[in-house]
Each structure stands twice: as structure tokens, then as C-alpha cells.
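Below: the structure, in C-alpha cells.
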Amino acid sequence: MSVITVKNLNFKYPQSNKAALFDVSFGIEKGSYVAIVGYNGCGKSTLARLLCGLEQPDSGTIEIEEDNRIGIVFQSPKDQLVSGVVSRDTAFGPQNLGLPPSEVELRVIESLNIVDMLDRADSSSSALSLGQTQKIALSGVIALRPEILILDESVSMLDPQSRAEILDFIRYWHKCGNTIIQITHDLETLEDADTVLGIEEGRVFFYGTQRAFMENKENVRRICGEPLKKNKRSDAARGEISLSLKNLTYTHDEVHGIFDVNLDFYKGSLNALTGASGAGKSTLMELCAGLLIPQSGKISLTDADEKNRPVLAQQNAQAALFEPFAADDVAFGARNRGFSGSELVETVKRCMNEAAIPFEQFAERRTFELSGGEQRRLAIAGILALNAEIIMFDEPTAGLDSRSKEEVMKLLRRLASEGKTVIFSTHKRDEADFADREIAIKDGRVVSDTLEPIVEPVETTVVNELSPSASAGLIAGLKKLSLGLSRSRRRKTSPVEKLPPALRILLFTILFVFSLAVRPLWLCAVALLAGVLYCVFCGFSLRRLFIASLKILPFLLFFSIFQMIFHPEVQGEVHFTEWKWFMVTPSKLLFCLAAIIRTDASLACISGFFVSTPEWDLMDGLNILLTPLRLCRVPVRYFILVIEIIFRFIPLLVEEAVSILKTQAIRGGLANVKGKLAKIRAVVPLIVPLIIQSIKRSEALADAITMRCFK
């Protein structure tokens with residue numbers, strides 16, 4: 101019996117001239133395991149969105165058997181998290197189903213345990229690696245207990261152990277009688293399926309049993325490719341030193357980061373970094389690219405200047421694209437390196453073709469219309485255009501089809517053969533074996549290196565220390581802001597933190613309203629004293645409060661000038677000075693002083709509340725305080741969801757700004773920026789891409805909320 105029936109399905113995106121799907125028909129039996137395969141951009145993800153009801157077909161029909169809940173894990177994991185805290189995000193779906201708190205808690209524990217993230221239940225979702233984020237996205241969908249589970253490249257960014265655990269769960273979920281629809285390029289995942297649906301250029305080219313598909317060797321080769329040739333490693337990976345890391349240490353917190361790393365990389369070598377998600381691979385490469393400031397140790401190059409700085413193709417390819425059109429995005433870095441005219445055009449053409457995203461086909465395509473795999477290839481083309489001597493790639497083949505994966509890996513080999521130093525991270529065994537050298541990282545430390553250590557010291561090229569990029573300080577400040585806005589749960593230490601959340605909110609509200617409402621100077625002083633004491637009992641530093649007050653004082657004094665003009669004088673009082681409409685009198689001075697004191701009192705209340713009441717406590721407290729409205733059938737849940745999304749979305753936008761800044765820094769957009777005014781001018785071009793990314797994030801978040809049963 102078919103649980104899903106699709107007949108003559110046609111769909112075209114409004115901005116595109118080409119149909120994404122054309123005359124697609126098939127049926128999926130209840131309890132079956134279907135693999136949807138095809139090249140990047142062929143329409144697989146579009147089909148998944150249509151099955152979920154997130155898009156409506158132009159023609160044709162989709163029939164789904166009643167009482168079958170559909171859960172989907174999208175290709176981009178960070179777009180799916182609703183809450184800033186891991187456990188609350190997993191709980192979001194079950195809460196929308198109206199389950200009792202005990203059942204919600206049980207589902208959260210079970211789902212996080214399945215994806216091996218129970219130990220991070222109280223962590224900030226912003227502090228997770230991309231692979232860990234993908235696990236949390238899957239956990240939130242599993243908690244819904246969907247009868248039909250759609251997985252859009254859901255294991256593409258996971259390390260082998262995590263990947264095996266997730267695939268084991270999917271097999272278990274299938275054996276329980278649920279329907280699995282897996283979008284994949286992977287042979288191991290394909291072998292689990294009982295049915296295969298092949299799509300090419302929006303059309304079905306194969307629909308049948310997995311056995312029939314596997315017996316056709318051409319089908320297997322074109323979809324899954326062939327394993328990369330294993331490298332016969334030797335000392336060929338050792339030559340002239342191009343990059344040297346000595347005692348390098350950088351920590352995000354007490355346990356995550358990299359610790360005391362000592363490595364030398366050589367010209368003309370292809371180096372693979374391996375390790376579990378969150379091991380520190382991305383952090384290590386960002387340090388080498390100058391995007392992070394090491395806490396100790398040093399990074400050295402043969403030629404230590406801005407032009408020879410290592411460049412990095414980031415793991416999150418979508419965030420690395422900020423120009424509206426594909427060719428413009430690739431040209432951005434090359435233009436900053438001095439290319440112009442026909443030389444620039446030829447460079448863009450060559451790099452796009454080398455990255456397997458042909459110039460003739462994609463030059464005028466909008467970046468946000470590209471599939472995940474196409475965006476990744478475009479991001480690689482943008483890095484190639486920089487023509488750097490040291491090039492790093494963070495998970496360069498994640499989400500790519502077999503053809504694109506093979507082309508990218510051959511490209512890395514070709515770059516190394518041209519004398520460049522190439523470093524890439526990977527979770528795939530055949531890619532690690534393809535490299536000249538494999539460096540395994542675990543918990544931020546190098547645990548193995550296939551390049552044999554030098555027994556006797558030999559004379560090497562003198563290298564010079566490289567300082568972080570000009571934008572590293574700005575990136576660090578934004579990351580600190582992001583973590584401050586979305587913090588992990590910590591042990592409660594201050595007296596106010598130990599109060600129930602609802603009581604904390606009431607206390608803050610009373611003090612804050614009092615600080616805004618008072619007018620007499622002596623009452624303003626009382627409000628300020630109350631605010632300062634509140635800060636002390638919240639555990640907020642009085643030194644930080646004093647510094648914050650000094651920072652806003654110039655603005656308050658500026659507005660005081662207008663108060664001197666518009667605030668009415670008291671009849672008969674002394675005029676200290678007078679010029680046309682501007683006059684200084686005792687009443688006006690007292691009024692301005694009271695306004696400054698009230699502002700400082702309000703600032704003290706906000707500072708204390710922020711440090712003592714994180715997101716989860718605010719949500720819990722509001723739930724309790726708004727109970728009377730809920731009993732009166734006021735839709736309180738909508739109000740709370742909006743606040744929760746704001747808490748989630750603001751750190752997300754800050755994180756997006758960080759990603760754009762990193763891309764700008766890597767591609768030379770923020771080079772040689774000196775002075776505050778110059779920095780402001782350099783940051784202005786970030787606004788448009790940030791707005792575009794914000795809209796895209798909003799749409800993706802709306803889809804995630806919809807698919808997690810919020811009504």
C-alpha cells in the first residue's frame with residue numbers, strides 16, 4: 101500500500117527559467133526505505149520540500165496517507181535550530197504536540213542519547229561545530245516520532261563514528277515500520293535502501309529495487325563514483341617548510357579548542373586533517389588564516405606578509421558567498437589582489453571551471469538559487485582566484501556528488517603538484533588515504549601524524565612569524581558577543597540567580613519600571629542605589645557597570661543640550677548662561693542630572709538581569725507569569741515563541757556577520773584597513789549580504805518551525 105503517491109509532478113522556482121522537476125511520478129510503499137540519488141542541483145531537495153508541503157507544485161499531485169507525520173532534516177543544519185540551547189531545541193517539537201512535561205523530557209533524553217549529544221544538553225547551540233549541529237537537527241526531528249522520515253544529506257558532515265551511529269539508528273527506525281526517504285550520494289547509505297529513485301536534470305531516470313540499481317554498474321559509478329586511489333606515502337611530503345606552528349594554543353572555553361600544537365607543513369604537499377566533529381580542525385585552520393588570535397604559541401611562514409597569508413575555504417559554504425551573482429563572488433578576491441579587465445575575467449573563468457562549476461553555465465546564476473553542492477564549489481572557486489601559496493579547505497567535499505567530489509580532490513592534488521601547500525579536513529577515509537600525509541586530531545591535540553618525525557635535525561628554510569589579520573580583533577569581539585547572547589547553562593552562584601525564574605522577572609520589572617518612572621532627584625538617586633545593589637546581588641561586576649556608564653555618558657550629555665533648549669524654565673529662577681533659545685538654569689540642570697541618573701539606574705537593572713537570567717530561565721519564568729492569560733485562552737505560546745526566536749536569531753545574525761567578515765578578510769576585503777573611519781567604510785559592504793542572509797535564515801527558520809508542528 102502506497103503511503104506517498106506522486107503523479108506528473110512539475111515545479112519551477114519563480115526566479116528560474118528552468119524547471120526544477122518535470123513530469124515526476126512514483127509511489128512509496130509504507131515501511132519502505134527509499135534512496136533518492138542524483139547529481140547536485142538535479143532537484144532532489146526540491147522534491148523533498150514538495151513532499152513536506154513546504155512548496156506547492158505547478159501541476160501534478162502528491163497524495164500522502166492520513167495519520168502519517170513527516171519529519172525532515174534539511175541539508176543546512178544551522179537553519180533548523182529554533183532554540184539557543186540544545187535541550188530546549190529538541191523539546192520544541194514534542195511541546196508543540198501538547199505532550200505532558202514528563203513525556204517531553206523523556207523524548208529529549210532519548211533523542212539526544214541517540215545522536216550522542218546528551219552531554220551537551222545544556223550547551224549553547226551557537227557553540228557547536230557544524231557536524232554537532234547536524235546531530236542536534238536530527239535529534240529535534242526524531243523527538244517528533246515521525247512515521248515518514250526524510251533525510252537530506254543528513255550524515256554528510258559527520259565523523260565516521262557518529263555517522264555509523266546515526267545510520268544504525270535509521271536502520272532501527274526503519275525496522276520499527278517507519279518509512280525512510282534518504283537523499284544521498286553515498287554507497288554505504290544506498291546499500292541500506294530497498295528502493296532507489298534516480299533523478300537527473302529534474303527527471304526520473306531510474307525507479308526500481310536497490311538490487312536492480314546496484315546490478316547496473318554504470319548507475320553505481322555515476323552516482324557513487326569510485327574510491328580515490330590510495331597514496332603510497334613517503335618522505336615526499338617533506339621538503340621546504342612553508343608553514344610552521346609552534347606550541348599553538350587557542351580555547352573557546354576550558355575544554356574546547358586546540359592545545360600546544362606543533363606542526364610543520366611543506367611546499368608541494370597535500371595534507372589531510374582528520375578527527376571527530378568538534379576536535380579542533382576548523383579552529384586550527386582559522387588560526388593559520390589569521391582569523392583567530394592565538395592565546396599562546398606562534399605561526400610562521402617563509403614570507404610573512406598579508407599577500408602570502410594562508411587562505412581558507414570555509415566549511416559553511418553558504419555563509420562564504422555574499423555577492424548576488426556567482427561570477428561576481430569569485431571576482432571579489434581576485435579584484436582585491438589587483439586583477440582587472442580581461443585578466444580578471446580570465447581568472448574567474450579558469451577558477452570556476454577548475455572548481456567544477458562551469459563559467460558559461462553558472463556565471464550569471466544568483467548565488468542563493470544554487471544547491472548546497474553548487475554553493476560549495478563556488479566558494480572553492482573564490483578561494484582559487486586568490487592564487488595563494490598556502491590553501492586550506494574545510495570539508496571541501498561535504499554534500500558533493502561523486503563527480504564533483506572526484507574533481508575537487510583531483511584539483512587539490514593538482515594544486516599540490518604545482519608547488520602549493522594544500523591542507524584540507526575530512527571525515528572520509530578514502531580522501532585521507534589520498535593525501536600525502538594524514539594528521540589526526542582529538543580533543544584539540546595532535547594524536548598521530550603519518551609523516552615520520554625527523555630523527556636528526558636538518559637545516560630548513562628560515563620562516564618569519566605571521567601576525568593575525570587586521571579583522572581578527574573585530575571577529576573575536578563579535579564571537580564574544582554571540583556567545584554572550586546565547587550562553588551555556590552554568591552553575592548558579594549569585595543570590596538573584598538562585599531565585600525562581602518568575603520571581604527574578606518580577607524583581608527586574610519592578611526595579612526597571614521604578615528607574616524609568618521616578619522624577620524627583622532624590623528618588624532617582626534611590627533608584628540608582630537600588631540598581632547598583634541589584635547588580636551586586638546578580639553577580640555583575642561594578643567595574644563593568646562603571647565603564648558602561650562612562651561609554652554612554654557623552655551621548656547623555658549631548659541630549660542634555662537639547663533638554664536645555666526644550667525643557668521649560670521655572671519662573672524667576674537664575675540664568676547661569678543664555679544664548680538665544682539656549683539657557684542654563686538650576687531646574688534644567690537638575691532635570692538633566694535626574695535623566696542621567698535614571699539612565700544609569702536602568703542600565704544597572706538591564707545589566708544585572710542579563711547576567712542572572714539566561715534564555716531558558718526567561719522562557720520558564722514567562723510561562724509561569726503568563727498562566728492567567730493562557731487560562732483565558734490568550735495565545736501566550738506565540739508571544740513566548742517570538743521571544744525565543746529573537747534570542748536564537750540575534751546570535752545567529754551575529755554569527756552570520758562573523759562568517760561574512762571571515763570571508764571578506766580571507767579574500768582581502770579588509771586588508772590595509774587603518775583607522776576607525778576606514779573600518780566603518782570597510783564594514784558597510786557587509787550590510788547588504790547580511791540582510792540577504794537574514795532573509796534566507798528567516799525563511800529557513802520558518803520552514804523548520806512549520807515542520808516541527810508549530811501551529
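Each step along the sequence shown adds one to the number in our numbering, with nothing skipped, and position 684 is 784.
Backbone N, C-alpha and C define an ideal beta-carbon position, used for all residues, glycine too.
Notebook entry, point to check: Which partner residues does Asn371 have in the DSSP bridge list?
Noted result: Ile523 and Arg537
Next item on the list: With DSSP collapsed to three states, give me the class of Phe640.
Entry: coil
Margin query: On the CB-based measure, 16 or more other CB atoms within 10 Å of its CB, does Ile760 come out buried or exposed?
Written below: buried
Item checked: Cα-Cα separation, Glu518 to Ser369 -> 10 Å
Next item on the list: Would you tell me roughly how many angstroms separate the C-alpha atoms of Thr146 and Asp803, rounded to the nearest one?
Entry: 13 Å
Checklist line | Pairwise C-alpha distance: Gln156 and Glu166 | finding: 18 Å
Checklist line | Alpha-carbon spacing of Val674 relative to Val684, whole angstroms | finding: 9 Å
Notebook entry, point to check: Just reading off the alpha helix (DSSP H) that Asp717 is part of, what are its end residues?
Noted result: Glu715 to Leu725
Item checked: Spatial distance of Pro557 from Asn331 (CA atoms) -> With a pLDDT of 49 at Pro557, under the threshold of 50, the predicted position of this residue should be treated as unreliable, though the coordinate-derived value follows. One C-alpha to the other measures close to 26 Å.
Checklist line | Cα-Cα separation between Val618 and Val636, rounded to whole angstroms | finding: 22 Å
Check: Would you call the segment 623-633 and the segment 696-706 touching, i.e. three or more CB-CB distances under 8 Å?
Finding: yes
Notebook entry, point to check: Would you say Ala800 and Ser176 are within 8 Å of each other, going by their C-beta atoms?
Noted result: yes
Next item on the list: Could you check which residue in Phe608, Met807 and Ser794 has the C-alpha nearest to that of Thr713?
Entry: Phe608
Check: Thinking C-alpha only, which one of Phe359, Ala431, Ala417 and Asp428 is nearest Val396?
Finding: Note that residue 396 is Ser in the sequence shown, not Val. Of Phe359, Ala431, Ala417 and Asp428, the residue nearest in Cα terms is Phe359.
Check: Does the segment 194-208 come within contact of the segment 124-135, defined as at least 3 CB pairs closer than 8 Å?
Finding: no
Next item on the list: Answer yes or no: do Ile575 and Leu391 have a C-beta to C-beta separation smaller than 8 Å?
Entry: yes
Checklist line | Beta-bridge pairing of Asn825 - partner residues as DSSP gives them | finding: Nothing in the structure corresponds to residue 825, since the chain is present only between 101 and 811.
Check: Which residue's Cα is closest to the Cα of Thr351: Met664, Leu345, Ser159 and Leu384?
Finding: Leu384
Note to self: Less than 8 Å between the beta carbons of Gly357 and Arg808, yes or no?
What the structure shows: no
Note to self: If I measure Cβ to Cβ from Gly153 and keep anything under 6 Å in the same chain, skipping five residues before and after, which residues do I get?
What the structure shows: none
Note to self: Between the alpha carbons of Glu340 and Thr309, how many angstroms are there, rounded?
What the structure shows: 53 Å
Notebook entry, point to check: Below 8 Å, can you find three or more Cβ-Cβ pairs linking the segment 449-456 to the segment 471-485?
Noted result: yes
Notebook entry, point to check: What residue range is occupied by the uninterrupted beta strand (DSSP E) comprising Gln282?
Noted result: Thr279 to Ile283
Margin query: Please classify Cys638 as buried or exposed, where buried requires at least 16 other C-beta atoms within 10 Å of its C-beta.
Written below: buried
Next item on the list: Return the residue from the list Lys367, Phe640, Asn108 and Phe662 that minimises the CA-CA distance to Ile596.
Entry: It should be pointed out that residue 596 corresponds to Val in this sequence rather than to Ile. Nearest option by C-alpha distance: Phe640.
Check: Straight-line CA distance for Pro394 to Glu386?
Finding: 10 Å
Item checked: Residue nearest to Lys107 in terms of C-alpha spacing, selected from Arg477, Ser116, Asp536 and Ile164 -> Ile164
Next item on the list: Alpha carbon to alpha carbon, how far is Val185 from Ser588? Give it in angstroms, no decimals.
Entry: The predicted position of Ser588 is uncertain, since its pLDDT is 48 and thus under 50; a value taken from the coordinates is nonetheless stated next. If I take the Cα positions, the gap works out to 7 Å.
Note to self: Quick check: the Cα distance between Thr233 and Glu265, rounded to an integer number of angstroms?
What the structure shows: 15 Å
Check: Is the CB of Pro568 under 8 Å away from at least one CB in chain D?
Finding: Protein chains in the displayed structure number just one, and chain D is not present.
Notebook entry, point to check: Per the contact definition of three or more C-beta pairs closer than 8 Å, is the segment 492-502 in contact with the segment 521-531?
Noted result: yes
Item checked: C-alpha gap between Asn436 and Thr467, whole angstroms -> 20 Å
Notebook entry, point to check: In terms of residue numbering, what span does the beta strand (DSSP E) encompassing Ser102 cover?
Noted result: Ser102 to Phe111
Next item on the list: Pick out whichever of Val613, Asn416, Ala191 and Ser377 has its Cα sitting closest to the Cα of Gly472.
Entry: Asn416
Item checked: With 16 other Cβ atoms within 10 Å as the buried cut-off, status of Gln764 -> buried
Checklist line | CA nearest to the CA of Met101, picked from Val124, Ile128, Phe749 and Ser502 | finding: Ile128
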